[in-house]
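Trainee: Got a structure here, written out as structure tokens. Questions coming.
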Amino acid sequence: MYDLRVLRDNLDAIKSQLGPRGSDVAWDDLRALLEKRSSLTVTVDTLRHELKKGSDNVARLKREKQPADAVMAGMKAVGDRIKDAGERLRATEERIAEITLRIPNVPHASVPVGTDAASNLEVRRVGSAPAFGFAPKAHWDIGEALGILDFGRAAKIAGARFAVLIGLGARLERALINFMLDLHTTRHGYQEVLPPFMVNRAAMTGTGQLPKFEEDLFKLRDDDYFLIPTAEVPVTNLLREEIVPNDRVPIRYTAYTPCFRREAGSYGKDTRGLIRQHQFNKVELVAFSRPEDSYQELERLTGHAEAVLQELALPYRVVTLCTGDMGFSAAKTYDIEVWLPSQSGFREISSCSNCEAFQARRASIRYRRKDGKTDFMHTLNGSGLAVGRTLIAILENYQQADGSVTIPHALRPYMGGVERIVKS
RNA sequence: GGAGGGGUGGCUGAGCGGCCGAAAGCGCUGGUCUUGAAAACCAGAGUCGGGGUAACUCGACCGUGGGUUCGAAUCCCACCCCCUCCGCCA
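Here the first sequence is numbered in this note's numbering, starting from 29 and rising by one per residue.
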């Protein structure tokens, strides 16, 4: 979403910067609507001015016991014209919002151009794939054999794309959540937040899930609430319609929440295992920064997500998403991909984005600059990390020939000292 | 779910339908005074949209949205939120 004046004056530039990302935007309609809005605004403001002066006149005449009927009749007519023009202005602004709320963010200049994941750019690789003296198994085989993962019963009580964690499996998930939160709060300087797992329509619009992606969300039937698809939504919206004092910036929050996604349109993908679930746990990192610092903040935040994998000694790589693979609100995104032996490949475990002022404009998230003026902050978010996928990576990378799984050292204090999961 | 009370500027809190963008106090910023600080005194200070290079100027904003009226913070309606009591509940 854009400042309407900036949009009106730079429509062509923005259109070309968006390239294919803006292909389904009604640019010509928008141009006409913006011009209509400008002229209607002038009309309404002028009429209001006239009405105000006229009404003051009526007050004066009445005080002086003079007849005011003629002026009142004239102002009645002006009032009707205001009502009429105001209604058209309101309708115009509504249509502008319908269009602009569906325009994605403009990619940063450093983002590679491309239409799909093939154009993503690998930035670095950390750690090396473990060597197995046997054929590594997939996490669902490992987990079900150990009795810590149950998809059948999950399907019975809920349906497809749900899982039940049992015993040390559940313990491992909980250990990961606590480990990640502790790392980010004690060593990386984030403040822990535990937000609602449902939010209203305004919050979803603020971060960009609505209006365009409503079909991806779980929505309550009797209330206008949505289950959050990521903690980014409640946590970023914490500062919606606020002006933050200068000395409080930057602000960094971390939050554990479950995330709920309908996964509409991904019917054939990742049907086995924990990779793609309707409900999964995630520890999120959210930062609000000064515009001039946000790209430094993105590197920082991405580093904090990587630190989790480094502590767990899991091999991974970082890629810069190309323009066609980025999310709606992002100006630049790094994906962190963890090594999964069963797939002999890397799989997304974190996505770290700088949304620049895109969400801040939608949600009116501002700060007080040193010079006293208000300005939009830049908002950033990243998974730190997706907990379920981290559990997958541990099961697969730490699996042993006998089917057991060793626990990474950093996690053992969180596992009550358990060093290995064996079949019970 | 039922009954009642209330939402005004950073905060507290006034506000007869017109002279109210809004008293007063606190807090804040600048100045005078002081070796420095405090106190006292003086001055300033909201957000958004439009126009202008600028000084400046016009409009909107008193929870949100409608309505009545020449004119609404003030009257009417709906909704949202907060508080108190009752019921229910972890």
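Built from N, CA and C at the ideal position, the CB exists for glycine as well. Just so you know, these numbers come straight off a predicted model, no measurement behind them.
Contact check, Pro-278 vs Arg-318 under 8 Å by CB: the rounded distance?
Mentor: Here residue 278 refers to the residue found at position 250 of the first sequence. Here residue 318 refers to the residue found at position 290 of the first sequence. The pair is a contact, with the Cβ atoms about 7 Å apart (cut-off 8 Å).
Trainee: For Val-336, which residues in the same chain have their Cβ closer than 7 Å to its Cβ, ignoring the five residues on either side in sequence?
Mentor: Within the first sequence, numbered from 1, the residue matching residue 336 stands at position 308. Met-208, Leu-211, Gly-412, Leu-413, listed in sequence order.
Trainee: Could you tell me the boundaries of the alpha helix (DSSP H) in which Ala-414 lies?
Mentor: If you number the first sequence from 1, residue 414 lands on position 386. It is not in any alpha helix (DSSP H) - Ala-414 instead sits in the beta strand (DSSP E) that spans 406 to 414.
Trainee: For Ala-462, which of Trp-55, Lys-398, Gly-171 has the nearest alpha-carbon?
Mentor: Lying before the first or after the last residue shown, residue 462 is absent from the chain, which here runs from 29 to 452.
Trainee: In or out: Asn-265 buried (at least 16 other Cβ within 10 Å) or exposed?
Mentor: For the purposes of this step, residue 265 is taken as residue 237 along the first sequence, with counting starting at 1. Classification of Asn-265: buried, given that the 10 Å Cβ count is 16 or more.
Trainee: What are the complete beta strand (DSSP E) segments, minimum 3 residues, inside the segment 91 to 157?
Mentor: Runs found: 149 to 154.
Trainee: State buried or exposed for Gln-387, treating a residue as buried only when at least 16 other CB atoms are found within 10 Å of its CB.
Mentor: To locate residue 387, count along the first sequence from 1; it is residue 359. It counts as buried.
Trainee: Could you tell me the alpha carbon to alpha carbon distance between Ser-432 and Glu-424, rounded to whole angstroms?
Mentor: Reading the first sequence from its first residue, position 404 is the one you call residue 432. Reading the first sequence from its first residue, position 396 is the one you call residue 424. Using only the alpha carbons, I get a separation of about 10 Å.
Trainee: Considering only residues of the same chain and omitting the five flanking positions on each side of Lys-43, which have a CB-CB separation below 8 Å?
Mentor: Here residue 43 corresponds to residue number 15 of the first sequence, with the count starting at 1. Cβ within range, chain order: Gly-50, Val-53, Trp-55.
Trainee: Measure the C-alpha to C-alpha separation of Gln-219 and Met-354 and round it to an integer number of angstroms.
Mentor: The count along the first sequence starts at 1 and reaches residue 219 at position 191. The count along the first sequence starts at 1 and reaches residue 354 at position 326. Distance between the alpha carbons of Gln-219 and Met-354 is about 27 Å.
Trainee: Pairing CB atoms from the segment 394 to 413 with CB atoms from the segment 187 to 194, are three or more of them under 8 Å?
Mentor: These segments do not touch.
Trainee: With three or more beta-carbon pairs closer than 8 Å as the criterion, would you say the segment 319 to 339 touches the segment 294 to 304?
Mentor: These segments do not touch.
Trainee: Glu-269: which of Thr-402, Ile-377, Tyr-284, Asp-430 sits nearest, CA to CA?
Mentor: For the purposes of this step, residue 269 is identified with residue 241 of the first sequence, where counting begins at 1. Glu-269 has its Cα closest to that of Thr-402, out of Thr-402, Ile-377, Tyr-284, Asp-430.
Trainee: Would you kindly check if the distance between the Cβ of Phe-241 and the Cβ of Lys-247 is under 8 Å?
Mentor: Walking along the first sequence from the start, residue 247 turns up at place 219. Walking along the first sequence from the start, residue 241 turns up at place 213. Not a contact, by the Cβ cut-off of 8 Å.
Trainee: Please determine, among Glu-334, Val-99, Gln-371, the residue with the shortest C-alpha to C-alpha distance to Asp-298.
Mentor: In the first sequence, residue 298 corresponds to position 270, counting from 1. Looking at the Cα atoms, Gln-371 is the closest of the given residues.
Trainee: Please state if the CB of Val-272 and the CB of Ala-231 are separated by a distance shorter than 8 Å.
Mentor: By 1-based counting over the first sequence, the position of residue 231 is 203. By 1-based counting over the first sequence, the position of residue 272 is 244. No.
Trainee: May I have a chain-ordered list of the beta strand (DSSP E) segments no shorter than 3 residues that lie completely inside the segment 222 to 283?
Mentor: Fully enclosed beta strand (DSSP E) runs of 3 or longer: 226 to 228, 253 to 255, 270 to 272.
Trainee: Do Ala-203 and Tyr-442 have their CB atoms nearer than 8 Å?
Mentor: Within the first sequence, residue 203 is the residue found at index 175, counting from 1. Within the first sequence, residue 442 is the residue found at index 414, counting from 1. For Ala-203 and Tyr-442, yes; Cβs fall inside 8 Å.
Trainee: Looking at C-alpha atoms only, which residue of Glu-384, Arg-417, Ala-429 is the closest neighbour of Asn-133?
Mentor: Start at 1 with the first residue of the first sequence, and residue 133 comes out as number 105. Closest option to Asn-133, Cα to Cα, is Glu-384.
Trainee: Let me check understanding here. Comparing Cα to Cα, which of Met-100, Arg-199, Tyr-362 lies closest to Gly-82?
Mentor: Counting from one through the first sequence, the residue named residue 82 turns up at place 54. Nearest of Met-100, Arg-199, Tyr-362 to Gly-82, Cα basis: Met-100.
Trainee: Need the endpoints of the alpha helix (DSSP H) that Thr-348 sits in, please.
Mentor: For the purposes of this step, residue 348 is taken as residue 320 along the first sequence, with counting starting at 1. That residue, Thr-348, is in no alpha helix (DSSP H); its beta strand (DSSP E) goes 344 to 348.
Trainee: Helix, strand or coil: how does DSSP classify Arg-448 here?
Mentor: Position 420 of the first sequence, counted from the start, is the residue given in the question as residue 448. Arg-448 falls in the strand class under three-state DSSP.
Trainee: Lys-64 by DSSP, collapsed to three states: which one?
Mentor: Within the first sequence, the letter at position 36 stands for residue 64. Note: Lys-64 maps to helix in three-state DSSP.
Trainee: Once DSSP output is grouped into helix, strand and coil, what is the label at Gln-305?
Mentor: The residue given as residue 305 occupies position 277 in the first sequence. Of the three classes helix, strand and coil, the one that applies to Gln-305 here is coil, per DSSP.
Trainee: For Asp-363, which three-state DSSP category applies?
Mentor: Within the first sequence, residue 363 is the residue found at index 335, counting from 1. Of the three classes helix, strand and coil, the one that applies to Asp-363 here is strand, per DSSP.
Trainee: From the DSSP secondary-structure annotation, give me the bridge partner or partners of Leu-211.
Mentor: In the first sequence, residue 211 corresponds to position 183, counting from 1. In DSSP, Leu-211 forms no bridge with anything.
Trainee: Checking the sheet assignment: what are the DSSP bridge partners for Ala-315?
Mentor: Stepping through the first sequence from its first residue, residue 315 is reached at position 287. Arg-280, Leu-408.
Trainee: Check Pro-369 in the structure and name its three-state DSSP category.
Mentor: Taking the first sequence and counting its residues from 1, one reaches residue 369 at position 341. If DSSP states are grouped into helix, strand and coil, Pro-369 belongs with the helices.
Trainee: In this structure, how does DSSP classify Asn-382 when only helix, strand and coil are distinguished?
Mentor: Taking the first residue of the first sequence as position 1, residue 382 is located at position 354. Strand at Asn-382.
Trainee: Please give the ranges of any alpha helix (DSSP H) in the segment 163 to 189, keeping only runs that are unbroken, at least 4 residues long and fully inside the region.
Mentor: For the segment 163 to 189, whole alpha helix (DSSP H) runs of length 4 or above, ordered along the chain, are 167 to 174, 179 to 185.
Trainee: CA-CA distance, Phe-404 and Lys-398?
Mentor: Numbered from 1 along the first sequence, position 376 holds the residue referred to as residue 404. Numbered from 1 along the first sequence, position 370 holds the residue referred to as residue 398. One C-alpha to the other measures close to 13 Å.
Trainee: Nearest by alpha-carbon distance to His-77: which of Arg-109, Arg-65, Ala-421 is it?
Mentor: Translated into the one-based positions of the first sequence, residue 77 becomes position 49. If we check each option's Cα against that of His-77, Arg-109 comes out closest.
Trainee: Could you compute how far the alpha carbon of Val-151 sits from the alpha carbon of Tyr-344?
Mentor: Taking the first residue of the first sequence as 1, we reach residue 151 at position 123. Taking the first residue of the first sequence as 1, we reach residue 344 at position 316. Computed Cα separation, rounded: 11 Å.
Trainee: Mind checking which residues open and close the alpha helix (DSSP H) that includes Ile-42?
Mentor: Within the first sequence, numbered from 1, the residue matching residue 42 stands at position 14. Element bounds for Ile-42: 39 to 46.
Trainee: Rounded to the nearest angstrom, how far is the Cβ of Glu-201 from that of Asn-309, given a contact under 8 Å?
Mentor: Sequence index remark: in the first sequence, residue 201 carries index 173 (1-based). Sequence index remark: in the first sequence, residue 309 carries index 281 (1-based). 6 Å between Cβ atoms; contact.
Trainee: Who are the near neighbours of Leu-349 in its chain, counting only those whose CB is closer than 7 Å to its CB and skipping five residues on each side?
Mentor: Along the first sequence, read from residue 1 onward, the residue named residue 349 stands at position 321. Taken in chain order, the residues that qualify are Asn-148, Thr-361, Asp-363.
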